[in-house]
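What follows is a set of notes on a single structure, which appears directly below.
Here's what the structure looks like:
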């Protein structure tokens with residue numbers, strides 16, 4: 155855990171308490187059963203808005219708290235631990251596109267509503283099943299945007315979309331020219347195919363803004379992955395301490411102890427890399443791109459290890475829907491792909507370093 | 115507004131001290147010594163000191179700055195941690211190296227300061243501070259490696275002295291050492307509680323060392339034989355039977371200093387990264403990337419591993435300062451450090467092919483021959499100071515609370 159200031163400690167503890175009590179895995183299961191169109195719980199989102207978490211990276215003059223990305227990561231990490239379904243990460247990062255963008259009108263109009271949770275926003279960038287940085291299919295003519303984004307996370311409940319087009323980033327409100335269709339994915343969270351047909355669009359910035367916003371989205375996703383990996387690991391460790399076979403609790407078997415020690419080791423490196431990326435963003439460092447690629451590649455590999463081991467080490471019950479292992483596994487696989495998988499980020503890290 | 119957490123004391127509080135260090139270094143460290151590091155190493159033999167190197171060692175020894183945070187009354191620097199960091203910064207800036215080192219500094223000194231009597235500290239600490247006395251470690255035995263507590267070397271009570279008989283092995287630098295801190299058995303009826311921590315003169319009658327030749331061709335370790343060696347009772351540190359506690363405490367100092375891999379291996383690779391070596395030996399593709407795509411991916415993985423490890427070292431240091439307690443992350447350092455050292459060497463020899471496996475003679479550069487040695491020597495990193503398997507046991511039991519077999 156990075157060294158935190160008092161505000162950050164308070165924020166983390168509050169988020170941990172709320173997520174453990176109000177947004178535990180059981181709440182996700184209820185939401186899954188009820189399957190509301192937006193794929194998150196409206197009451198929970200209302201509480202998140204009231205606590206000001208959607209405004210953590212929004213400047214104070216627009217109703218936010220401007221604590222920064224490390225702070226946002228702390229909150230998202232706690233939600234990740236509990237698999238809490240919420241559009242917090244997507245809204246916060248979409249808001250930061252407006253913060254960094256060139257439109258004063260957009261700042262004045264939308265940031266206060268995003269900071270309070272009144273409006274929900276998300277990013278619509280990728281045009282295929284993997285993130286490869288290409289957005290050639292989306293164009294803007296005369297302030298009207300046309301293109302299709304087949305996998306938009308939190309697209310079902312979003313009021314506005316920050317959309318990547320060939321020449322940069324645009325803000326599009328849900329409504330005229332926007333068609334949202336839910337895509338039912340393994341993690342049972344919100345993913346949508348969003349089609350834009352001459353939708354009114356306001357420009358926020360060029361391709362360099364798109365790149366900066368995608369890096370932020372990846373870093374915040376890493377924080378969710380960190381929370382998930384730690385919770386999955388902890389639950390597996392707890393399970394090994396109570397499951398008895400051959401007259402011994404499983405936790406006494408050295409073969410399993412070493413597998414757990416290996417995962418713990420990787421988790422330590424993962425935390426350093428993830429916090430390193432969030433801190434790099436807050437510090438305005440010039441190597442944010444590298445720090446993010448390091449974080450996403452490391453987070454992807456480690457969450458993959460821990461979530462697969464969670465199923466294996468739970469044995470048969472790990473395969474049942476009643477246990478949580480499968481829920482962590484399925485969400486993990488989706489986040490591994492989102493904003494570039496480990497292979498993509500390794501290659502990018504190599505290119506950035508001239509390897 | 116979001117600000118980075120305040121991690122360090124305001125710089126100006128230390129400015130006066132920084133100035134003092136700077137002037138002292140200017141007066142005492144001749145620039146001609148830059149890059150002519152002659153510091154005492156645990157696994158390398160003593161080398162001939164030039165008059166300049168000797169003067170530098172004596173100056174640092176007299177000042178106590180080779181061990182900056184050790185107490186002044188035994189010759190140490192008596193500096194706060196913040197001052198020690200300033201000293202470190204300024205030495206790096208001046209290109210000055212620390213001539214005081216070895217096992218006395220890394221392991222034995224801190225342990226004696228904690229457990230020794232006033233008399234023992236007065237007798238042994240100043241010699242370490244001045245870099246005059248070389249210490250070696252008598253822990254492992256042929257039958258007691260990872261299971262160290264099964265050691266058999268016996269110290270028999272003869273009233274005012276002990277008589278020691280037995281064999282130690284993997285005694286780092288035993289052939290060059292003046293003194294040995296050893297774990298010996300004073301009670302055969304109890305395993306851990308029968309062990310004591312004893313200081314033995316290496317030139318005492320009945321002590322014999324034989325260097326062990328390693329796969330790398332080097333002989334940094336010895337077998338050490340004790341035959342009826344007389345050791346005064348005043349050389350017992352702590353109580354009889356307290357040796358296991360003292361000995362494990364000492365290993366914590368060892369593990370925290372070993373994670374970076376062996377000094378010689380990291381010194382050898384200094385300045386040349388694996389990607390650079392890859393491009394030099396294997397060439398680049400049209401876009402300037404490492405040509406072999408499979409190799410490139412593995413090199414990138416290694417570089418990322420290294421970067422994440424560096425961030426973890428930094429995080430653990432900040433956490434230790436910020437939370438006033440050791441960070442859980444420190445338990446992984448030895449294993450990850452070992453893995454990175456070994457991965458680097460394996461990548462390098464793979465890249466260099468036959469040219470990276472030369473043993474001797476014409477047709478190999480010095481770097482290439484050193485690479486072979488470094489690769490082989492690096493295999494020790496995951497074995498010594500608590501093997502990777504033992505470290506995993508420690509993580510599982512102490513950190514994760516996993517249980518012993520019933």
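Residue numbers (the numbering used here), protein chains in the order written: chain A, 155 to 509; chain B, 115 to 520. Quick reminder that beta carbons are idealized off the backbone N, C-alpha and C, glycines included.
CB contact below 9 Å: residue i versus chain A
i                     : result
residue 134 (chain B) : no
residue 520 (chain B) : yes
residue 442 (chain B) : yes
residue 418 (chain B) : yes
residue 464 (chain B) : no
residue 487 (chain B) : no
residue 450 (chain B) : yes
residue 500 (chain B) : no
residue 144 (chain B) : no
residue 592 (chain B) : Missing from the structure shown is residue 592 (chain B); chain B here goes from 115 to 520 and no further.
residue 455 (chain B) : no
residue 517 (chain B) : yes
residue 196 (chain B) : no
Residue-level contact to chain B via CB, residue i, 9 Å cutoff
i                     : result
residue 430 (chain A) : yes
residue 375 (chain A) : no
residue 468 (chain A) : no
residue 418 (chain A) : yes
residue 503 (chain A) : yes
residue 422 (chain A) : yes
residue 168 (chain A) : no
residue 393 (chain A) : no
residue 408 (chain A) : yes
residue 405 (chain A) : yes
Neighbourhood of residue i by C-beta distance below 8 Å, restricted to the same chain and skipping five residues each side
i                     : result
residue 328 (chain B) : 334, 335, 490, 491 and 494
residue 394 (chain A) : 403, 404, 405, 410, 414 and 467
residue 163 (chain B) : 152 and 171
residue 123 (chain B) : With a pLDDT of 46 at residue 123 (chain B), under the threshold of 50, the predicted position of this residue should be treated as unreliable, though the coordinate-derived value follows. Contacts found: 196.
residue 263 (chain B) : 305, 306, 309 and 358
residue 364 (chain A) : 279, 289, 318, 322 and 323
Beta-carbon proximity list for residue i, same chain, < 6 Å, skipping 5 on both sides
i                     : result
residue 230 (chain B) : 351
residue 314 (chain A) : 275 and 327
residue 166 (chain A) : 228
residue 241 (chain B) : 247
residue 171 (chain A) : none
residue 284 (chain B) : 254 and 335
residue 285 (chain A) : 493 and 494
residue 379 (chain A) : 453, 457 and 489
residue 212 (chain A) : 218, 249, 265 and 269
residue 381 (chain B) : Because residue 381 (chain B) sits at a pLDDT of 42, beneath the cut-off of 50, its placement in the model cannot be relied upon, and the following sentence gives the value as read from the coordinates. Nothing listed; no residue qualifies.
residue 433 (chain B) : 441
residue 378 (chain B) : Any reading at residue 378 (chain B) is ruled out, since the residue's pLDDT is 38, under 50, leaving its predicted position unreliable.
residue 214 (chain A) : 220
Integer-rounded CB distance, given that residue j should sit under 8 Å from residue i
i                     : j                     : result
residue 339 (chain B) : residue 281 (chain B) : 5 Å
residue 499 (chain B) : residue 359 (chain B) : Incorrect: roughly 18 Å between the Cβ atoms, too far for contact.
Beta-carbon spacing of residue i, residue j below 9 Å
i                     : j                     : result
residue 485 (chain A) : residue 343 (chain A) : yes
residue 429 (chain A) : residue 425 (chain B) : yes
residue 256 (chain A) : residue 357 (chain A) : yes
residue 310 (chain A) : residue 196 (chain A) : no
residue 418 (chain A) : residue 509 (chain B) : yes
residue 275 (chain B) : residue 200 (chain B) : no
residue 243 (chain B) : residue 175 (chain B) : yes
residue 213 (chain B) : residue 180 (chain B) : yes
residue 414 (chain B) : residue 503 (chain A) : yes
residue 406 (chain B) : residue 396 (chain B) : yes
residue 210 (chain A) : residue 226 (chain A) : yes
Contacting residues, own chain, Cβ-Cβ under 7 Å from residue i (five flanking each side not counted)
i                     : result
residue 297 (chain A) : 354 and 355
residue 143 (chain B) : 170, 208 and 210
residue 179 (chain A) : 236, 237, 478 and 481
residue 161 (chain A) : 221
residue 491 (chain A) : 284
residue 349 (chain A) : 302 and 333
The ligand MG heavy atom lying under 8 Å from the CB of residue i
i                     : result
residue 475 (chain A) : Looking at this structure, you won't find the ligand MG or any other ligand, since it has none at all.
What ranges does the alpha helix (DSSP H) occupy inside the region 156-180 of chain B, keeping only unbroken runs of at least 4 residues that lie completely in it?
165-177
Mind listing, in chain order, the continuous alpha helix (DSSP H) runs of no fewer than 4 residues lying wholly within the region 197-238 of chain B?
Within the region 197-238 of chain B, the complete alpha helix (DSSP H) runs of at least 4 residues are 223-229.
Residue ranges of each beta strand (DSSP E) run of no fewer than 3 residues wholly in the region 367-423 of chain A, ordered along the chain?
Complete beta strand (DSSP E) runs here, min 3: none at all.
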